[in-house]
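Working notes, structure below.
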Amino acid sequence: MSSGSSGGRRTAGVLGVGATGARAARQLASADTVDAVVLGGQGDRPVALQRSLGSAARIGEPIGPATGVVVLAGPAGTHVEAARRAVDLGIHVVSTSDAVGDVEGLLDLDARATANGACVVVGAGFSPGLSCVLARHLADWVDRVDEIHLSRFGTGGPACARQHHRALAARAIDWRDGDWVRRRGGSGRELSVFPDPVGSLDCYRAALPDALLLHPAFPDASRITARQAANRRQRMLAFLPMLRRPHPEGRIGAIRVEVRGERGGEMVCEVAGAIDRPAVAAGAVAGLAARWALAGRFEPGAAGLAGRVEPVPFLTELSEFGVRAAVFVGVT
Amino acid sequence: MTLLRRAIAALGVAAMIAAGLRIRGTGGTPPQTGGWRELRGPDLR
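Here you go:
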């Protein structure tokens, strides 16, 4: 996969330097293929991050035509307009949003991005993001993909935690037998086994965009679902505003991807997963996706990572940043 | 009237039991065999 060159531009922008954006910026600032990182965001966080990154980072500059790629890591609801402006300038976009509205809006930019020679990488975080890459990787192990089921646990920074809270109270969207099915968030309890030490957790339907991103990459799959882990308190209080202040950096999180299909005439089920602090992993995925976009490794247009990446080199490069995936083996 | 009261009481008890099961139940049984292994090798298998 290639094309979508950045025309030799080696400046990256990062809009939103919270827990995820700061890590993406840090990764981009350390990359040989990036000359400078332009930081944008609210409050004094961009200033503090710029001090930490030194001369590789700049603040107070607009994202303009000299920028090759921009990572959108701000709160949900802010991504589509920013992406539209960037795409109109021919700038590649990497969005970390996991809000259904953002993902739908970003995917709608496909024709516009293609016309401008820009690529929009949608859902480049922990989940969606790494989960999409793992789904692609597992899909390559089977002859035919029938079903894909994702689950996730944990949140990144405060914006991610608020989105996670809202998702549990909103309607879930799944792909089922050739049609989109919307169901109540918080329903559909299912036990998911995440990599140790997270272990087994009950997961529920929620307003997650994974099916929207995976269906274009796996149009023949009959079922694509996504669930998120929640405890009793989170389920009972999902319809209220968050009562607790979210953790500023997020704690441990996990993802699990299950691909069911056929291999050699037999039905098989492959399961992969990962554990990490979601903001750390999301920042690494977004940073790496931005570097790939700058290098022209993505086709123009808007799509998720499952339809864009070669999973083995992507996961290999990601492991150099400490984000490693695992596979579940030995089920009898 | 007594029948109506008993029916309402029965429905209330049933709703409380259903709510308890819904909140306290589990979504399945974890696998008794198998485990996680890091993806490795040139093909990351």
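The listed protein sequences correspond, in order, to chains C and G. Residues in the first sequence are numbered from 297 upward in steps of one, following the working numbering. Residues in the second sequence are numbered from 4 upward in steps of one, following the working numbering. The beta carbon of each residue, even a glycine, is placed where N, CA and C say it ideally should be.
- prompt: In chain C, which residues lie with their C-beta within 7 angstroms of the C-beta of residue 31(G)?
  reply: 486, 487
Inset, instruction - Quick one: grab the DSSP three-state call for residue 43(G). - result: coil
Give every residue of the same chain whose Cβ lies closer than 6 angstroms to the Cβ of residue 447(C), excluding the five residues on either side of it in the sequence, and list them in chain order.
488, 499, 523, 552
Run of the beta strand (DSSP E) containing residue 375(C), from where it starts to where it stops:
Taken as a continuous stretch (DSSP letters only), residue 375(C) belongs to no beta strand (DSSP E), being part of the alpha helix (DSSP H) at 375-384.
Can you tell me whether DSSP reads residue 532(C) as helix, strand or coil? helix
Quick check: the Cα distance between residue 439(C) and residue 18(G), rounded to an integer number of angstroms?
47 angstroms
| Among residues of its own chain, excluding the 5 on either side of residue 318(C), which ones have a beta-carbon nearer than 6 angstroms to its beta-carbon? | 345
message = Distance check for residue 491(C) and residue 35(G), CA to CA, integer angstroms please.
response = 15 angstroms
Subject >> Residues of its chain near residue 415(C), where Cβ-Cβ distance is below 7 angstroms and the 5 sequence neighbours each way are ignored >> reply: 300, 388, 409, 589, 594, 595, 596, 597
Can you find a C-beta in chain C that's less than 8 angstroms from the C-beta of residue 9(G)? no
- Task: Would you mind working out which of 452(C), 457(C), 432(C) sits nearest residue 539(C), comparing C-alpha positions?
- Result: 457(C)
**Asked** Cβ of residue 568(C) within 8 angstroms of Cβ of residue 622(C)?
**Response** yes
_residue 309(C): contacting residues in chain G (beta-carbon distance under 7 angstroms)_ = Those do not exist, as residue 309(C) stays about 31 angstroms from chain G at its closest Cβ, beyond 7 angstroms.
Original post:
Between residue 459(C) and the rest of its own chain, which residues show a CB-CB distance below 7 angstroms, the 5 nearest in sequence each way excluded?
Top reply: 372, 394, 395
TODO: Give the residues of chain C in contact with residue 5(G), contact being defined as C-beta atoms less than 9 angstroms apart.
DONE: Near residue 5(G) there are no residues of chain C at all, since even the closest Cβ is about 35 angstroms away, more than 9 angstroms.
In or out: residue 536(C) buried (at least 16 other Cβ within 10 Å) or exposed? exposed
- Message: Which complete beta strand (DSSP E) runs does the segment 443-491 of chain C hold, if anything under 3 residues is left out?
- Response: 468-472, 475-479, 486-489
**OP:** Note down the Cα distance separating residue 582(C) from residue 390(C), rounded to an integer number of angstroms.
**Re:** 7 angstroms
* To do: Could you check which residue in 619(C), 603(C), 620(C) has the C-alpha nearest to that of residue 431(C)?
  => 603(C)
Review point. How do the segment 308-324 of chain C and the segment 333-343 of chain C stand: do at least 3 beta-carbon pairs fall below 8 angstroms, yes or no?
Key: yes
**Message:** Just to confirm before moving on: does the CB-CB distance between residue 572(C) and residue 549(C) stay below 8 angstroms?
**Reply:** yes
**Report entry** For residue 569(C), the three-state DSSP class (helix, strand or coil)
**Finding:** strand
Establish whether the CB of residue 37(G) and some CB of chain C are separated by less than 8 angstroms. yes
message = If distances are taken between C-alpha atoms only, which option among 309(C), 561(C), 444(C) comes closest to residue 513(C)?
response = 444(C)
task = Measuring only between beta-carbons, confirm whether residue 622(C) sits less than 8 angstroms from chain G.
result = yes
*Taking the continuous alpha helix (DSSP H) assigned at residue 397(C), which residues delimit it?*
396-403
Check: Of all the residues that make up the segment 577-611 of chain C, which are near chain G by a beta-carbon distance shorter than 9 angstroms?
Finding: 607, 608, 611
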